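Data block below; observations after.
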Amino acid sequence: MTAASPAAPAHGGAMTRVRWTVCALLFFATTINYLDRQLFSLLVPFFEDDLRLGPTDLALINVSFLLAYGFGMVFVGRWVDRVGTRRGLGATFLLWNVASAAHAFVGSFGGFAAIRFLLGVGEAGNFPSAVRTVAEWFPRKERALATGLFNCGSNVGAILAPLLAVRIAEAYGWRACFLTLGGVGVVWIVFWTRLYRRPEEHPKVSPEELAHIRSDAKESTAALGVGEVFGMRPVYAVAMAKFFTDAPWWFYLTWLPRFLVGEFKLTPTFMAYAIPVVFIVADIGAIGGGWISSRLIASGRSVGASRKLAMLVCALAAVPVMAVGQLVDVPTVAGVPSVYVAVAILSLAAAAHQGWSSNLYTLVSDTLPRPAMATVVGIKTAFGVVGGALFQIFVARSLTLTGSYALPFLLAGSLYLVGLLALHLLLPKVEPVTPKRRVPQAVILAGGLAMLAGIAATQFTLNAPPYGSVADYRATRPAQLSATGAPAEGPAARVGWMDARWYFWPTSQGTRAELVKFDRDGRPIVEPRGAGAKDYSGPSAAEVEASSASGGAR
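One rule links them: number in my numbering = place in the sequence shown (from 1) + 3.
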């Protein structure tokens with residue numbers, strides 16, 4: 004007797020629709036993917052004081068996830084190609100859900116950084132697996148629709164996350180939230196392992212549906228080496244555009260809950276309703292960005308001009324977000340509470356990003372051969388998360404030095420125009436290209452290591468503590484302030500979880516009061532907002548001024 008063959012497709016003469024069940028599984032996987040990745044940023048207001056996490060700590064935890072996700076996508080995608088989507092997506096899905104639930108059992112900066120790295124590695128498997136599954140289960144004419152449907156899960160997950168997370172955290176605590184929502188994926192894995200097979204092996208696929216799935220002319224599957232992919236100019240154009248413009252998007256994803264709660268003094272409940280609005284409007288932008296370029300092409304413009312004009316519209320729509328950091332100190336704008344204006348501008352910026360991304364992704368298929376597309380998406384993602392990681396470090400440094408989000412928002416509003424300029428300079432003409440040269444793998448590896456080294460050096464340079472000790476602060480600060488003598492020690496205070504103390508420096512213009520807070524290791528950090536700092540508790544500004552006049556509390 005011969006070995007049993009794979010289960011034969013179902014018969015009966017009717018067109019089955021199993022492929023849409025598979026698409027639904029991908030939709031729910033993507034929903035859970037975004038739900039899990041958003042939990043950390045949403046729950047920061049609940050645990051940052053308990054765990055004594057400062058802006059630099061939060062930024063580095065986000066960097067840990069970003070690097071694992073971006074660089075992991077290149078390697079995990081190749082692994083999925085080898086083992087198949089059933090095993091590949093199932094294994095990576097299990098990994099990221101275990102990592103998500105495990106957040107409930109860590110309670111330190113190092114623990115969160117490690118578990119976010121593991122989450123990034125697992126989540127890197129979702130989109131390569133989903134794109135491959137669509138290619139296996141759908142003919143070319145249905146792939147765009149199927150991809151659009153499963154990708155809707157990303158925004159659904161981002162909308163559900165605040166609605167569920169805040170309520171669970173308020174009722175049962177942030178640890179219970181990670182454990183509960185992180186464990187939701189176990190249900191999906193049961194359905195995936197029971198329902199998913201390749202079309203030829205699925206017992207419920209009829210011969211008619213299988214013929215429909217395989218109705219395309221045989222596509223070229225000749226693989227291109229990584230060196231050949233890097234030898235094509237459009238790769239660098241889309242990668243650099245991604246490098247500049249993924250940074251604002253990751254900034255919104257990871258810092259928006261903390262920004263709204265901390266700067267506008269909102270309740271977590273208000274935040275839970277405000278953030279879904281941002282992502283609902285972002286969905287409109289994703290559709291609108293593609294519609295603009297399609298209409299321009301239909302009117303007779305070239306593909307390249309149409310894509311770039313649509314991206315220019317999106318880049319200009321992102322510019323108003325530069326003002327959001329300034330709205331914190333403004334109660335109302337034309338009679339409207341400033342927080343509503345901020346949410347409206349952030350929604351426009353999110354829509355602009357999604358419209359930009361729709362055209363940037365399409366430029367890949369406009370210019371590059373099909374066998375290179377998956378690899379290019381991985382390369383683009385890696386460049387995007389490097390930009391996002393550097394921006395996270397910049398945000399942490401800005402908050403440490405200024406106590407304000409003004410500079411990050413100013414930069415976020417300008418980067419799309421910078422990205423469009425880089426794209427146009429590297430890709431002045433949009434047309435299909437073929438590989439003409441091969442970049443040595445040693446050069447590619449050296450470039451990747453240089454990117455990682457650059458991130459490490461930037462992190463060290465920007466986020467190194469300004470003073471190693473109180474003695475260092477007292478020795479270094481006089482030259483920075485043009486002080487005429489040693490400081491008097493003033494009253495104690497607190498800023499959030501940090502102990503703090505006032506110091507009074509004599510200068511030629513009079514006494515200067517300065518609030519200094521101390522991190523977990525006792526290193527001093529100057530708080531530029533003084534008594535106006537977020538979560539400040541201690542003597543009022545008037546009491547500090549009176550203490551300064553009397554020479555401080557010795």
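Ideal Cβ positions, reconstructed from N, Cα and C, are used throughout, including at glycine.
This structure is a prediction, so every number in the text was calculated from the model and none was measured.
- Collapsing the DSSP output to three states places Met18 in coil.
- Assignment of Pro323 by DSSP, reduced to helix, strand and coil, places it in the helix class.
- About 19 Å separates the Cβ atoms of Gly80 and Gly391, ruling out a contact at the 8 Å cut-off.
- In this structure, Ala105 lies away from Gly125, with their beta-carbon atoms at least 8 Å apart.
- Within 10 angstroms of the beta-carbon of Glu434 lie fewer than 16 other beta-carbons, which makes it exposed.
- For Arg504, DSSP records a beta bridge to Ala495, Val519.
- In the DSSP assignment, Pro527 falls outside any alpha helix (DSSP H) and lies within the beta strand (DSSP E) extending over 527-530.
- A Cβ-Cβ contact shorter than 8 Å links Asp39 with Gly185.
- In this structure, Trp252 is the residue among Lys383, Ser209, Trp252 with its C-alpha nearest to the C-alpha of Ala352.
- For Asp369, the enclosing alpha helix (DSSP H) starts and ends at 341-370.
- For Pro210, the enclosing alpha helix (DSSP H) stretches over residues 210-216.
- Arg480 is positioned such that its CB atom lies no closer than 8 Å to that of Glu492.
- Proximity to Arg523 across Ala116, Ala17, Pro58 peaks at Pro58, based on C-alpha coordinates.
- Boundaries of the alpha helix (DSSP H) harbouring Thr257: 236-266, taken from the DSSP string.
- Assignment of Gly471 by DSSP, reduced to helix, strand and coil, places it in the coil class.
- For Gly125, the uninterrupted alpha helix (DSSP H) run begins and ends at 112-126, by DSSP.
- Where Phe282 is concerned, the enclosing alpha helix (DSSP H) starts and stops at 271-301.
- Nearest neighbour of Met243 by Cα position, chosen from Val379, Arg119, Pro340, turns out to be Val379.
- Between Ile396 and Val66, the CB-CB gap stays under 8 Å.
- The distance from the Cβ of Ile216 to that of Pro202 is about 5 Å, consistent with a contact at the 8 Å cut-off.
- Put simply, of Arg22, Thr403, Ala545 the residue whose alpha carbon is nearest the alpha carbon of Ser209 is Arg22.
- In this structure the stretch 418-437 lies against the stretch 230-245, because at least three pairs of beta carbons, one per stretch, are closer than 8 Å.
- Ranked by how close their Cα comes to the Cα of Met314, the residues Met274, Pro323, Met325, Ser296 have Ser296 in first place.
- About 5 Å separates the beta carbon of Thr405 from that of Pro531, a gap short enough to meet the 8 Å contact definition.
- CA-to-CA, the gap between Ala301 and Arg90 works out to about 42 Å.
- For Glu548, the enclosing alpha helix (DSSP H) has its first and last residue at 544-552.
- For Leu414, the enclosing alpha helix (DSSP H) begins and ends at 409-429.
- Cβ-Cβ distances below 6 Å link Gly156 to Phe30, Thr33, Thr34 in the same chain, with the five nearest sequence neighbours on each side left out; the list follows chain order.
- By the CB criterion at 8 Å, Ala277 and Val346 fall inside the cutoff.
- Put simply, the backbone Cα of Arg197 is about 23 Å away from that of Thr183.
- Shortest Cα-Cα distance from Glu204 to any of Tyr419, Glu139, Ala459, Val264 involves Glu139.
- Here DSSP, grouped into helix, strand and coil, assigns Thr335 to strand.
- Residue burial annotation: Arg440 is exposed, with fewer than 16 other C-beta atoms found within 10 angstroms of its C-beta.
- Pro334 and Pro340 have their C-alpha atoms roughly 6 Å apart.
- Around the Cβ of Leu61, a 10 Å sphere holds 16 or more other Cβ atoms; the residue is buried.
- Judged by DSSP secondary structure, Gly541 falls outside any alpha helix (DSSP H); it is assigned neither H nor E.
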